[in-house]
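Step one of this worksheet: look at the structure below.
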Amino acid sequence: MTHTLAAGTFPTPIVEYRSLLPVLLVLGAAVIGVLIEALLPRRARLPLQWVVTFGSLATALVALLIGPRADGLLAEGALAWDGPTRWLQALILVLAIVALLLFTERRVDPGRDPFAPRASTVPGSDEEKGLTERLVQQTEVYPLALFAVGGMLLFPAANDLLMMFVALEVLSLPLYLLAGMARRRRLMSQEAALKYFLLGAYSSAFFIFGAALLYGYSGSLDFARIAAATGSQTSSQGLLLAGTALIAVGLLFKVGAAPFHEWTPDVYQGAPTAVTAFMAATTKVAAFGALLRLFLVALGPVRQEWLPLMWVIAALTMIVGVVMALTQQDIKRLLAYSSIAHTGFLLTGLVAASPKGTGAVLFYLAAYGFATIGAFGIITLVRDSAGEATHLSAWAGLGRRAPGVAWLMTLFLLSMAGIPLTAGFPAKFAVFAAASASGASVLVIVGVITSAIAGFFYVRVIVVMFFTEPAEDSTVSVAVPSWATTAALAISAAVTLALGLLPQSVLEAAARASVFVR
């Protein structure tokens, strides 16, 4: 079907609504959330935001699961609909639902949520104190989170550089705001948000400059045409290498790879812990999906050009993450550097540059995401008079005061360490096996050594919880969570155990989902 104009004809674009429905539902719900904030009285907003947020995410997940199974390109080739897209979008939606349960917690700090009642107020001002005393609830975080999730759903599906950049910005801008909304330690939270924004702006600039160079090299922003141009070897290799390096900087910043990791510990520590859990799990899933598609689809024909760079970055990231985590006394900063080390392990799967490596990364992202949400969920419960007690010394004796909480934290830490019977063990084994099969044996050795060293700082937390006496003047307590936080912890623990005890079927599903459409 065409429409006739004075200058000629043009084809009516075909919109694949069934495949795009999950993204449309989430972004549409985000717009509804904004209208709720603008039009409804404050007392009516919170329950409606909960219904809109969780209803849209659950509906989007159902739409994704019953959606088309045939691979193909959407939106005139701007988006890809294939196994990796479906796997990563489903994982993002599930992780978002679990993480956003932590946003709703009201029992840990009675009558209050983790967020500043009004983000624009000056920290410590009379206005802020008045809003806090009146128990004013922060509800803007829910549409912001939905916009971020919408961008995350688009990011791993993007099949051209322009769509990838738009998705990157849609997911990033709400996260900059969410990072600065902590109700306690406002200045630290706002400092973290400012650092995240400034460094994120630089990384976006690198990405767009790299995209311009790749456009100059190939004459297109489309991944298939870039791949065809790289395979022909007829254009300037300088443009290709420079563009690849600049785009890599933009994406490696998002996953927290060294040496582009400096924002990670500050933001993880300063942001509200519920936001940290949401951001740490879902953003890494989306960003690795984009990394895999860009380097294996668009730049696959020249993998020998970028593999040495990724090899070095993977090794450096593992080493930096592990070494820096050894020195940390704050549990949130420790988990931030742990996240950096996990980025290195995931990059090992990318270096494999094979369907086996892609499947291993898909499985690893699931194992990492649930353990991360669970660990940060536990952190929200350990409290003193100033709020969350994140200094490691405050966790002394936790195993006797709250054995259930301590054992749950132990499970999540053991999974991060890659101990058998937890999800982390088959995840690490899969990425290392894929890298070894591709010839990256030296990188695998680095990974095994750093994994062994990482076990020390995970075990150190366990020793503090179970075998260290608390200080006599300690005021640390463990809060009793609401059903929402309890559900988030239960789901995270159940998935961590299930993937560790019965990983084979999930590994096979990840392997089937590892083929990109081109």
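If you read the sequence shown in numbering that gives the first Met the number 0, its first letter stands for residue 0, the second for the next number, and so on. Just so it is clear, CB atoms sit at the ideal spot from N, CA and C, and this is done for glycine as well.
Using C-beta distances below 7 Å, list every residue in its chain close to Q327, excluding the 5 sequence neighbours before and after it, in chain order.
Closer than 7 Å at Cβ, skipping near neighbours: L333, Y336.
Would DSSP call R382 helix, strand or coil?
In the structure shown, the three-state DSSP call for R382 is strand.
Rounded to a whole number of angstroms, what is the C-alpha to C-alpha distance between A595 and A273?
Since the displayed the chain opens at 0 and closes at 517, residue 595 lies outside it and no answer follows.
Assuming A434 and L442 make a contact with CB atoms under 8 Å, what is their CB distance in whole Å?
Right, the Cβ-Cβ distance comes to about 6 Å (below 8 Å), so this counts as a contact.
Do the CB positions of P480 and V107 come within less than 9 Å of each other?
Closer than 9 Å, so yes.
Counting C-beta neighbours from all protein chains within 10 Å, is the total for Q137 16 or more, i.e. buried, or is it exposed?
Around the beta carbon of Q137, 16 or more other beta carbons sit within 10 angstroms, so the residue counts as buried.
So, at 7 Å on beta carbons, what are the nonlocal neighbours of I378 in its own chain, with the 5 sequence-adjacent residues on each side left out?
Shown here for I378: same chain residues with a beta carbon closer than 7 Å to its own, the five before and five after excluded, namely T272, I330, K331, E387, T389 in chain order.
Identity of the residues DSSP links to A157 by a beta bridge
According to DSSP, which records beta bridges pairwise, A157 is partnered with L78.
Does DSSP put D329 in a helix, in a strand, or in coil?
In this structure, DSSP gives D329 an extended state, which the three-state scheme calls strand.
Length of the line joining the Cα atoms of T1 and Y214
In this prediction, T1 scores a pLDDT of 42, lower than 50, which makes its location untrustworthy; the coordinate-derived value is nonetheless stated afterwards. Distance between the alpha carbons of T1 and Y214: 29 Å.
Under a Cβ-count criterion, where at least 16 other Cβ atoms within 10 Å of its own Cβ denotes burial, should Q503 be classed as buried or exposed?
So Q503 ends up on the exposed side.
Which of the three DSSP states is assigned to V274 in this structure?
In the displayed model, V274 falls within a helix according to three-state DSSP.
Which same chain residues end up closer than 6 Å to E15 when comparing Cβ atoms and leaving out the 5 residues on each side of it in sequence?
Excluding sequence neighbours, E15 sits near L73.
Residues near A518 in its chain [Cβ-Cβ closer than 8 Å; skip 5 each side]:
Beyond the ends of the chain as shown, which are 0 and 517, falls residue 518; an answer cannot be given.
T474 classed as buried or exposed, judged by whether at least 16 other C-beta atoms fall within 10 angstroms
By the neighbour-count rule (16 or more Cβ atoms within 10 Å), T474 is not buried but exposed.
How big is the Cα-Cα spacing for T275 and Q88?
The alpha-carbon of T275 is positioned some 20 Å away from that of Q88.
Rank L186, S219, L220, S171 by C-alpha distance to the C-alpha of A196 and give the top, closest one.
Contrary to the premise, residue 196 reads as Phe rather than Ala in this sequence. In terms of Cα proximity to F196, the closest of L186, S219, L220, S171 is S171.
Residues near M187 by beta carbon distance below 6 Å, same chain, minus five either side
Here the set comprises G269.
Alpha carbon to alpha carbon, how far is P83 from F362?
P83 and F362 have their alpha carbons spaced roughly 11 Å apart.
Meets three-Cβ-pair contact criterion under 8 Å: the stretch 307 to 325 and the stretch 406 to 425
Taking a contact to require three or more Cβ pairs closer than 8 Å, the stretch 307 to 325 and the stretch 406 to 425 do not qualify as touching.
Name the DSSP beta bridge partners of E387, please?
Answer is R382, bridged to E387.
Do V148 and V51 have their CB atoms nearer than 9 Å?
No; because the gap between Cβ atoms is not below 9 Å, this pair is not in contact.
Reduced DSSP category for F455 - H, G, I as helix; E, B as strand; rest coil:
Here F455 sits in helix by DSSP.
Give me, in chain order, the residues of the same chain whose beta-carbon lies closer than 7 Å to that of G299; leave out the 5 immediate sequence neighbours on both sides.
So the qualifying residues of the chain are A226.
Using DSSP bridges, identify the partner residues of S476.
Paired residue(s): R382.
Coil, strand or helix - A422 by DSSP:
Three-state DSSP puts A422 in coil, outside helix and strand.
8 Å CB neighbourhood of Y175 in its chain, flanking five on each side removed
The beta carbon of Y175 lies closer than 8 Å to those of A192, Y195, F196, G199 in the same chain, with the five residues before and after it left out.
Under 9 Å between the Cβ atoms of L407 and A492?
One thing to note: L407 has its Cβ within 9 Å of the Cβ of A492.
State buried or exposed for P142, treating a residue as buried only when at least 16 other CB atoms are found within 10 Å of its CB.
A buried status is given to P142, since no fewer than 16 other beta-carbon atoms sit within 10 Å of its beta-carbon.
Bridge partner(s) assigned by DSSP for D221:
Looking at the DSSP output, D221 bridges to D159.
Please tell me whether R292 and P155 are closer than 9 Å, where the distance is taken between their beta carbons.
Contact: yes.
What is the DSSP secondary structure of F515, counted as helix, strand or coil?
Here F515 sits in coil by DSSP.
Whole runs of the alpha helix (DSSP H) within the stretch 333 to 412, excluding any shorter than 4 residues:
Runs of alpha helix (DSSP H) with 4 or more residues, each lying fully within the stretch 333 to 412, are found at 354 to 378, 397 to 400, listed in chain order.
Please list, in chain order, all residues of the same chain as S202 whose beta carbon is under 6 Å from its beta carbon, the five residues on each side excluded.
Taken in chain order, the residues that qualify are G249, F252.
Count the other C-beta atoms from every protein chain shown that fall within 10 angstroms of the C-beta of A43, then say buried if there are 16 or more, exposed otherwise.
The residue is exposed, with fewer than 16 neighbouring Cβ atoms inside 10 Å.
Which residues in the same chain have their Cβ closer than 6 Å to the Cβ of I13, if we skip the five residues on either side of it in sequence?
Hits under 6 Å: none found.
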